[in-house]
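Peer 1: Numbering (the working numbering), first residue to last: 1279 to 1774.
Take a look at this one; I'll ask things after.
Here's what the structure looks like:
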């Protein structure tokens, strides 16, 4: 093995061992299923901010957004980080206080308590594909990084990523996820700043980078002023920002906060931080453009896949130690998002589908039920890891997979989530009709085009959500005398 590759791989191996060790330590803190699923509801502000930022800051942002900015400037990354960051702020302002009051452990339980078991099963089942895709995005990112930098086979990289993520998530649950998130956020900052500083120096300084900035690079508005362009632009903002709002992983962060105030502040601060740090990949893309222009990098490498820019920049600019630290930070960011989405999906399976179907309530044997719940969730962690690895092989475009995952969630679950928290007049029939209607539009597109990302994407972002909304309103009105949803206040931890 090349000595220059050996040093980075040793650093990365030590990092991975450290992450798994954190999972092992966290496992000792797990006394019951509440500890495993929602970290005991006692997380302070900085831990909430750290875990939210590290969760969002994954492969889609670092690798995907850098490639998108390389091709299209700041306009190419409207969806992530800007629309995604807006989601955190909106949740903090309008939803998180209610979520923190609820005596539930996952978002699927919200639908079950308000609209019945069938609605809960349906909602959880519809969230699962989104988070399997999101987990696969992270595993794919790790595979790409290892493949480009160290010539490690992509499938082997997938297997390594899957094993590592599943291992420390399996051992420590949400406690392990949150602890590793806090550590990885620090490493992420170190890695990003290092490549930014070195890149600026090699590119000839800020003035030279500015001189090579393409026209309209900093134009965040549509370049064409047609109605179609503006519809596409609105869809970009809506799909990712509103699509993130009903996310089970974000709800878990609300449930685990020590109180409502902490949950709200954590969401808003994390959203602002995500916007701020989100400019770094945009600057890195601009450095890449400059280095291609002056001949330092071969531009033909990025013609077919601009997402290769970050790995090639790291390999070109950093020495063995610097490369090891940067790749560790990159893998840390990706592993953080992967573990979060993996765990959120496992909880959907165990808490929202398996528990109500196969575990009957028996207060006299609560310890046994709690133990069975722990075991079930751990088994589903393994199952979701395998499913996500398989899904990632179906598409190799990280950014497109990221966007599709959350536009699907927007079209099917955004309005049911909002109405579940804010509207007493909606009922079970309306919510189920809306979910099925939004899903059917997406399924028709996928099946007719034999793809998981049907075109035109603007249609499949906006129309499913519109049909979802219309069906909820009409069906709830037409069946208002046949079904009454349960009041949300009945499942508050304490009355407000």
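Where is the CB? At the ideal position from N, CA and C, for every residue including glycine.
Measure the beta-carbon distance from residue 1709 to residue 1694 and round it to whole angstroms, keeping in mind my assumption that it falls under 8 Å.
Peer 2: With 8 Å as the limit, residue 1709 and residue 1694 qualify as a contact, their Cβ atoms being about 5 Å apart.
Peer 1: What's the C-alpha gap between residue 1496 and residue 1568?
Peer 2: Distance between the alpha carbons of residue 1496 and residue 1568: 15 Å.
Peer 1: Just grab the DSSP bridge partners of residue 1287 for me.
Peer 2: DSSP, once it has assigned bridges, lists no residue as partnering residue 1287.
Peer 1: Out of 1740, 1750, 1666, state which residue places its alpha-carbon closest to the alpha-carbon of residue 1510.
Peer 2: The residue with the shortest Cα to Cα distance from residue 1510 is 1740.
Peer 1: My understanding is that residue 1528 touches residue 1369, with C-beta atoms under 8 Å, so please give their C-beta distance in whole angstroms.
Peer 2: About 6 Å; that satisfies the 8 Å criterion.
Peer 1: With C-beta atoms as the reference, is residue 1609 less than 9 Å away from residue 1293?
Peer 2: A contact, by the Cβ cut-off of 9 Å.
Peer 1: Hey, would you say residue 1629 sits closer than 9 Å to residue 1690, going by beta carbons?
Peer 2: Against a cut-off of 9 Å, the Cβ pair of residue 1690 and residue 1629 comes out as no contact.
Peer 1: Restricting to Cα atoms, I'd like to know which of 1463, 1624, 1376 is closest to residue 1537.
Peer 2: The residue with the shortest Cα to Cα distance from residue 1537 is 1376.
Peer 1: Where do the ends of the alpha helix (DSSP H) carrying residue 1759 lie?
Peer 2: No alpha helix (DSSP H) holds residue 1759; DSSP gives it neither H nor E.
Peer 1: Would you list the one or two residues that DSSP bridges to residue 1535?
Peer 2: Residue 1535 pairs with 1321.
Peer 1: Buried or exposed for residue 1554, going by 16 or more other Cβ atoms inside 10 Å?
Peer 2: Residue 1554 is exposed by the Cβ-count criterion.
Peer 1: The alpha helix (DSSP H) spanning residue 1372 covers which residue range?
Peer 2: Its alpha helix (DSSP H) spans residues 1362–1372.
Peer 1: When you compare the CB positions of residue 1636 and residue 1494, do they come within less than 9 Å of one another, or not?
Peer 2: No, they are not a contact pair.
Peer 1: Thinking C-beta only, is residue 1444 closer than 9 Å to residue 1659?
Peer 2: Taking 9 Å as the Cβ cut-off, residue 1659 and residue 1444 qualify as a contacting pair.
Peer 1: Which ranges would you report for the beta strand (DSSP E) in the region 1368–1456 if only whole runs of at least 3 residues count?
Peer 2: Counting whole runs of 3 or more residues, the region 1368–1456 contains no beta strand (DSSP E) stretch at all.
Peer 1: State the Cα-Cα distance for the pair residue 1327 and residue 1362, rounded to the nearest angstrom.
Peer 2: Each residue's Cα considered, the two are about 15 Å apart.
Peer 1: Tell me where the alpha helix (DSSP H) around residue 1721 begins and ends.
Peer 2: From DSSP, the alpha helix (DSSP H) with residue 1721 extends over 1706–1727.
Peer 1: Taking the alpha-carbon positions, what's the residue 1349 to residue 1734 distance?
Peer 2: Computed Cα separation, rounded: 20 Å.
Peer 1: Could I get the ranges of all uninterrupted alpha helix (DSSP H) runs contained in the region 1552–1605, with 4 residues as the minimum, in chain order?
Peer 2: If we require 4 residues or more, the alpha helix (DSSP H) runs fully inside the region 1552–1605 come out as 1557–1571, 1587–1595.
Peer 1: For residue 1663, does the three-state DSSP call read helix, strand or coil?
Peer 2: Here residue 1663 sits in helix by DSSP.
Peer 1: Please state whether the Cβ-Cβ distance between residue 1440 and residue 1619 is less than 9 Å.
Peer 2: Not in contact: residue 1440 and residue 1619 (Cβ atoms no closer than 9 Å).
Peer 1: Of the choices 1621, 1360, 1614, whose alpha-carbon is the least far from that of residue 1383?
Peer 2: If we check each option's Cα against that of residue 1383, 1621 comes out closest.
Peer 1: My guess is that residue 1365 and residue 1560 are in contact by the Cβ rule of under 8 Å, so how many angstroms apart are they, rounded?
Peer 2: Wrong, their Cβ atoms sit about 19 Å apart, outside the cutoff.
Peer 1: Distance, Cα to Cα, residue 1507 vs residue 1661?
Peer 2: C-alpha separation (whole angstroms): 41 Å.
Peer 1: Can you grab the Cα-Cα spacing for the pair residue 1646 / residue 1308, in whole Å?
Peer 2: Their Cα atoms are separated by approximately 15 Å.
Peer 1: How is the alpha helix (DSSP H) around residue 1635 delimited, first residue to last?
Peer 2: Its alpha helix (DSSP H) spans residues 1633–1636.
Peer 1: Is the beta carbon of residue 1418 closer than 9 Å to that of residue 1436?
Peer 2: In this structure, residue 1418 lies closer than 9 Å to residue 1436 by Cβ.
Peer 1: For residue 1381, count neighbouring C-beta atoms within 10 Å of its own C-beta (all shown protein chains included) and say buried if the count is 16 or more, exposed if not.
Peer 2: Label assigned to residue 1381: exposed.
Peer 1: Helix, strand or coil for residue 1525, going by three-state DSSP, please let me know.
Peer 2: In the structure shown, residue 1525 sits in coil (DSSP, three-state: anything other than H, G, I, E or B).
Peer 1: Which same chain residues end up closer than 7 Å to residue 1587 when comparing Cβ atoms and leaving out the 5 residues on each side of it in sequence?
Peer 2: Cβ within range, chain order: 1344, 1345, 1348, 1563, 1566, 1580.
Peer 1: Go ahead and pull the three-state DSSP assignment for residue 1481.
Peer 2: Coil, per DSSP.
Peer 1: Which whole-angstrom value describes the C-beta separation of residue 1517 and residue 1357, a residue pair presumed to lie in contact below a C-beta threshold of 8 Å?
Peer 2: About 7 Å; that satisfies the 8 Å criterion.
Peer 1: Nearest-angstrom Cα distance between residue 1341 and residue 1585?
Peer 2: Roughly 5 Å between the two C-alpha positions.
Peer 1: Residue 1433 and residue 1287 - do their beta-carbons sit closer together than 9 Å?
Peer 2: No, Cβ-Cβ distance for residue 1287 and residue 1433 is not below 9 Å.
Peer 1: Using the Cα positions of residue 1532 and residue 1322, report the straight-line distance between them to the nearest angstrom.
Peer 2: If I take the Cα positions, the gap works out to 11 Å.
Peer 1: In three-state DSSP terms, what is residue 1308?
Peer 2: Here residue 1308 sits in coil by DSSP.
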